[in-house]
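Colleague: Before I ask anything, let me first share the structure, which is written out below as structure tokens.
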Amino acid sequence: MDETVNNACRQEIARIPLIGEKAPSFEAMTTQGKISFPDDYKGKWVILFSHPADFTPVCTTEFMTFASMQEEFAALNCELIGLSIDSNFSHIAWLRTIKEKIKFRDMQNVEVKFPLIADLKMEVAKKYGMVQPSASDTQAVRAVFYIDPQGIVRALVYYPLSNGRNFDEIKRLLIAMQTSDKFKVATPADWRPGEKVIVPPPGSCGQAAERVAGAGEDYECQDWFLCFKNLPE
């Protein structure tokens with residue numbers, strides 16, 4: 000293959016939807032039947048994530064963790080969708096093995112109930128830039144896409160093949176984005192629910208002066224550009 004064509008193909012595979020873009024739509028067969036995205040998930044947040052392959056150790060621990068947290072995500076109006084470049088038969092066999100044989104930390108007899116996409120032709124993986132040729136031409140990296148109820152990509156996190164994800168952070172970021180949307184605020188480093196949030200910075204010198212002068216019961220200011228407040232309980 001001509002090197003120019005080869006490079007173009009690699010760029011196509013690695014194209015990643017960016018924050019603020021419409022999430023690519025797709026139809027796919029999964030372990031829970033056929034799904035149509037985003038039509039089947041209107042009004043909900045979605046975490047779409049990929050893993051390199053079935054019957055691999057890191058992926059097994061991740062799926063057990065996601066499955067054990069599924070109800071926590073559902074309580075946040077968020078659905079989970081997994082993906083790897085494997086067949087539906089492989090997915091089913093792997094998930095049965097997880098439930099029947101695998102113990103990880105305090106998790107055992109874990110049943111994975113969220114859909115796992117069979118993507119042998121890499122159709123969905125390519126749309127989301129989950130196949131990155133410098134890492135592997137045949138496996139998806141550990142991608143996590145947050146897609147909001149309007150079908151917009153709000154955040155994405157990529158991990159290498161060798162390292163499992165931090166699920167506490169995956170949930171924390173979802174809550175932080177939902178909090179920012181609801182209250183029109185920002186969240187500081189390492190923010191946790193119940194902690195102070197950041198008031199959006201003023202857009203003019205006059206507003207900056209008013210912001211500092213108005214600090215008191217409702218909010219506190221370190222300086223004109225950094226003000227904190229508590230959210231209603």
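For the record, in the sequence shown the residue sitting at position 176 is 175 according to numbering that gives the first Met the number 0, with numbers rising by one throughout.
Glycine included, every Cβ here is placed at the ideal spot set by N, Cα and C.
What residues are listed by DSSP as bridge partners for residue 32?
Modeller: Paired residue(s): 29, 30.
Colleague: Classify residue 94 as helix, strand or coil using the three-state DSSP reduction.
Modeller: It is helical.
Colleague: Which word fits residue 130, buried or exposed, when buried means at least 16 other C-beta atoms lie within 10 angstroms of its C-beta?
Modeller: Burial call: buried.
Colleague: Which residues does DSSP list as the beta-bridge partners of residue 156?
Modeller: Paired residue(s): 143.
Colleague: For the pair the segment 160-169 and the segment 53-63, tell me if three or more CB-CB distances fall below 8 Å.
Modeller: Yes: the two stretches touch, three or more of their Cβ pairs being nearer than 8 Å.
Colleague: Could you check what DSSP says for residue 116 in three-state terms: helix, strand or coil?
Modeller: Looking at residue 116 - three-state DSSP - the assignment turns out to be strand.
Colleague: Determine the DSSP secondary structure at residue 121, reduced to helix, strand or coil.
Modeller: Note: residue 121 maps to coil in three-state DSSP.
Colleague: For residue 150, which residues of its own chain have a beta-carbon under 7 Å away from its beta-carbon, when the five flanking residues on both sides are left out?
Modeller: Result list for residue 150: 21, 22, 37, in chain order.
Colleague: For residue 76, which residues in the same chain have their Cβ closer than 6 Å to its Cβ, ignoring the five residues on either side in sequence?
Modeller: Cβ neighbours of residue 76 beyond the five flanking positions: 43, 44.
Colleague: Over the uninterrupted beta strand (DSSP E) stretch that includes residue 78, give me the two end residues.
Modeller: Here the beta strand (DSSP E) through residue 78 covers 77-83.
Colleague: Whose C-beta lies closer than 8 Å to the C-beta of residue 78 among residues of the same chain, with five residues either side of it excluded?
Modeller: Cβ within range, chain order: 40, 43, 44, 45, 46, 72, 113.
Colleague: Excluding sequence positions up to five away, which residues of its chain have a Cβ less than 7 Å from the Cβ of residue 126?
Modeller: So the list reads 23, 25, once near-sequence residues are dropped.
Colleague: If you reduce the DSSP assignment to three classes, tell me which class residue 188 lands in.
Modeller: Residue state, collapsed to three classes: coil.
Colleague: Less than 9 Å separating the beta-carbons of residue 152 and residue 169?
Modeller: Not closer than 9 Å, so no.
Colleague: For the putative contact between residue 123 and residue 82, defined by C-beta atoms under 8 Å, what is the C-beta separation to the nearest angstrom?
Modeller: Contact holds; Cβ gap of about 6 Å.
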